[in-house]
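Worksheet for the structure shown next.
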Amino acid sequence: MKRQKKLGILTAVLILCIAAAVALSRMDFEEKMTGTQTTIIDVDSSEITALSWKYEEEVSFRYEDEEWINTEDEEMPVNQELLGEIAENLSNITSDKRVEEADSLSMYGLSEPAYTITIEADKTYELSIGDETFTDGEIYLSAGDEYVYLTDAGLVDEISYNLYDLVQEEEIPEMESISSISIDKASAAELVYKENSSYCYSDAYTYYLKDGETYQNLDNDNAKAAFDTLTGFSWEECVDYYADDGELKTYGLDEPDAAVTVSYTEEEGETQEFAYEVAAAEESYYARIRDSRMVYRISQEVYDTAVQASYEELKPDEVILLDWDTVDSVDLELDGSLYTIEVESRGDDDYDYTFQGEDIAFGDVLSELSSITSSEDLEEQPKLGDNKEELVLTFHRNTEEYAEVELIFYQYDGSCCIPVLDQVQLDAVGRSEVVSLKEAINSVILDSEKEE
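Just so we're aligned, residue 1 is where the sequence shown starts under our numbering, counting upward by one.
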């Protein structure tokens with residue numbers, strides 16, 4: 001018989017022997033086990049003066065002057081509610097079975113227990129938690145007497161907290177209404193939310209970048225997402241509850257990459273500020289409330305949003321966004337001809353369009369105009385020079401401010417056009433979209449002239 005085959009047979013025999021030994025041990029345990037009901041701990045949680053346990057690490061707390069205090073570090077802000085719940089859950093521990101003659105604690109995992117608990121009340125209770133039992137949902141427990149008890153395995157859940165799980169984290173306030181977010185960084189940004197502001201040509205925009213006394217309208221969806229990210233986040237975890245200057249440096253927070261200040265209104269109507277700083281270090285992202293010593297890990301999304309906030313990041317994609325209720329007429333200049341379209345609102349986003357006194361189907365043209373967005377294929381935006389006008393649209397509005405809005409599409413090359421809105425150059429758009437818009441306008445005008 002080959003040596004390898006012999007080893008295989010011996011290994012199989014050994015496994016069978018071990019399995020048999022385990023089975024016999026289980027039978028022996030069951031023979032020594034009784035169904036005795038035992039109260040291991042039964043105290044009022046208010047009488048508990050100290051708690052300590054070893055789960056992943058050893059933690060120790062004492063109750064003094066109606067407050068839980070970390071025995072090893074009184075600087076730690078302790079989550080009082082959580083410690084109170086733990087004390088309540090550990091104040092009553094019972095067992096429904098016990099081993100009467102425990103010959104060897106190692107057979108129950110109690111010679112080197114996985115977890116330990118110490119509770120100080122009318123006396124000191126020291127508990128050791130060993131292996132799970134052969135029946136599901138129970139564990140072996142030693143209370144320092146001659147017995148080994150079986151109790152609910154949920155006891156382990158009651159102490160499954162490490163030190164930082166027990167820190168009382170600072171609250172991020174509920175912000176009922178946010179008016180602005182100022183971000184102090186290498187390229188500072190102040191984001192503003194205001195409805196019906198008249199900051200730009202269209203009240204359809206509600207988010208702006210404030211630069212001195214001027215306001216640049218931002219993409220509503222992108223800006224709202226930035227507001228939500230910078231105000232609606234939560235701490236991922238506390239990593240340091242009292243960081244000194246040297247420790248702040250390890251998190252990059254001695255010189256943060258961005259400092260965010262949120263101006264908001266509480267539900268009661270009070271105006272408040274919430275300020276925090278963010279930084280990156282060793283591929284992780286951190287934050288602290290301004291002037292606080294507590295440091296938290298945050299998501300990369302929060303960090304990126306704060307650091308990258310800018311007009312370039314949040315500017316609108318659309319060329320123009322108008323409330324058509326404010327438009328009385330549109331002048332169109334293309335291919336050397338000028339056309340004027342009259343607009344009359346019938347309510348509920350329904351309009352009548354007329355050209356030279358005749359009704360025309362102009363709504364699709366305006367929808368196509370509204371859908372034109374900046375081209376994403378260009379690595380660098382072209383500069384406007386002596387470019388020829390491809391199409392000029394002038395919107396006459398029934399508003400006091402921005403009563404006239406002019407949009408010009410300039411020819412650039414075969415792939416793109418350059419839009420200029422009220423003398424401000426926007427990002428280039430696809431030439432095919434402008435050509436399609438011109439064709440739609442010509443089609444409407446020609447159909448109208450044929451009917452005449």
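We treat Cβ as the ideally placed atom computed from N, Cα and C, and that holds for glycine. Quantities reported herein were computed from a predicted structural model and do not represent experimental measurements.
Ile159 and Trp53 closer than 9 Å at C-beta: Going by C-beta atoms, Ile159 is nearer than 9 Å to Trp53.
contact_flag[the stretch 420 to 433, the stretch 373 to 381] where n(CB pairs < 8 Å) is 3 or more: Touching, yes.
Cβ distance (whole Å) where Tyr410 is taken to contact Leu384 below 8 Å: The pair is a contact, with the Cβ atoms about 6 Å apart (cut-off 8 Å).
Leu155 vs Thr135 beta-carbon contact at 9 Å: It is not a contact, given that the beta carbons lie outside the stated cut-off.
C-alpha distance - Val59 paired with Tyr115, whole-angstrom precision: Pairing Val59 with Tyr115, the inter-Cα distance amounts to about 12 Å.
Cα-Cα separation between Ser263 and Ser443, rounded to whole angstroms: Going by the C-alpha atoms only, they are around 51 Å apart.
Nearest-angstrom Cα separation, counted from Glu266 out to Ile298: Between the C-alpha atoms of Ile298 and Glu266 there is a straight-line separation of about 24 Å.
Residue burial classification, Val424 (beta-carbon count within 10 angstroms, cutoff 16): Classification of Val424: exposed, given that the 10 Å Cβ count is below 16.
Cβ pair count under 8 Å reaching 3, the stretch 65 to 83 against the stretch 120 to 131: They do not touch, by the three-pair rule.
Three-state secondary structure assigned by DSSP to Gly269: DSSP, read as helix, strand or coil, puts Gly269 in coil.
Coil, strand or helix - Leu24 by DSSP: In this prediction, Leu24 has a pLDDT of 40, which is less than 50 and means its spatial position is unreliable; what the coordinates show is noted afterwards. It is helical.
Rounded distance between the beta-carbons of Arg98 and Thr38, thought under 8 Å: 6 Å between Cβ atoms; contact.
CA-to-CA distance, Ala225 to Met107, given in whole angstroms: Taking the straight line joining both Cα atoms gives about 58 Å.
Stretch-stretch touch, CB-based, cutoff 8 Å, three pairs: the stretch 392 to 405 with the stretch 327 to 335: Judged by pairs of C-beta atoms under 8 Å, the stretch 392 to 405 touches the stretch 327 to 335, as three or more such pairs exist.
Where Tyr108 falls: helix, strand or coil (DSSP): In this structure, Tyr108 counts as helix in the three-state DSSP scheme.
Those runs of the beta strand (DSSP E) which lie wholly inside the stretch 160 to 230 and span at least 3 residues: Considered as a whole, the stretch 160 to 230 harbours 177 to 184, 189 to 193, 207 to 211, 214 to 217 as its complete beta strand (DSSP E) runs of no fewer than 3 residues, in chain order.
Proximal residues to Ala440 (C-beta, below 7 Å), its chain only, five neighbours per side dropped: So the qualifying residues of the chain are Asp364, Val365, Glu368.
Counted within 10 angstroms of its Cβ, other Cβ atoms place Arg288 as buried (16 or more) or exposed: With 16 or more other Cβ atoms within 10 Å, it is buried.
N- and C-terminal bounds of the beta strand (DSSP E) containing Asp352: Its beta strand (DSSP E) spans residues 350 to 355.
Gly154 - containing alpha helix (DSSP H), residue span: Judged by DSSP secondary structure, Gly154 falls within the alpha helix (DSSP H) whose first and last residues are 154 to 158.
Local conformation of Glu146 per DSSP, three classes: In the structure shown, the three-state DSSP call for Glu146 is coil.
Sequence-distant residues of its chain with Cβ nearer than 7 Å to Val167 (five each side left out): Within the same chain, Met76, Pro77, Asn79, Cys238, Tyr241 come within 7 Å of Val167 by CB-CB distance, once the 5 residues on both sides are set aside.
6 Å Cβ shell around Glu169 - same chain, five flanking residues per side excluded: Here Glu169 has Trp235, Cys238 as same chain residues with Cβ atoms under 6 Å from its own Cβ, once five neighbours each way along the sequence are excluded.
Stretch-stretch touch, CB-based, cutoff 8 Å, three pairs: the stretch 42 to 57 with the stretch 87 to 95: Yes, they touch.
Residues of its chain near Gly35, where Cβ-Cβ distance is below 6 Å and the 5 sequence neighbours each way are ignored: Within the same chain, Gly35 has close Cβ partners Lys97.
Whole-angstrom C-beta distance between Ile418 and Pro382, which should lie under 8 Å: Between the beta-carbon of Pro382 and that of Ile418 there is about 6 Å, and that keeps the pair under the 8 Å contact cut.
Backbone CA spacing between Glu66 and Pro173 [nearest angstrom]: For Glu66 and Pro173, the distance between alpha carbons rounds to 26 Å.
Residue(s) in a DSSP beta bridge with Thr133: Beta-bridge partners assigned by DSSP to Thr133: none are found.
Per-residue DSSP class, three states only, for Glu236: Coil, per DSSP.
Inter-residue CB distance, Ile41 and Ile93 (contact presumed, cutoff 8 Å): Rounded to whole angstroms, the Cβ separation of Ile41 and Ile93 is 4 Å, and the two are in contact under 8 Å.
C-beta contact flag for Pro316 and Asn217 at 9 Å: Asn217 is positioned such that its CB atom lies closer than 9 Å to that of Pro316.
Among Asp245, Trp324, Asp228, Asp221, the one whose alpha carbon lies nearest that of Asp350: Among Asp245, Trp324, Asp228, Asp221, the Cα nearest to that of Asp350 belongs to Trp324.
Where Ala258 falls, given that 16 or more other Cβ within 10 Å makes a residue buried: For Ala258, the number of other beta carbons within 10 angstroms of its own is at least 16, and it is reported as buried.
Alpha helix (DSSP H) segment containing Thr305, residue limits: Per DSSP, the continuous alpha helix (DSSP H) segment holding Thr305 begins and ends at 300 to 308.
Length of the line joining the Cα atoms of Tyr55 and Leu105: Tyr55 and Leu105 have their C-alpha atoms some 20 Å from each other.
Coil, strand or helix - Arg431 by DSSP: The three-state secondary structure of Arg431, taken from DSSP, is helix.
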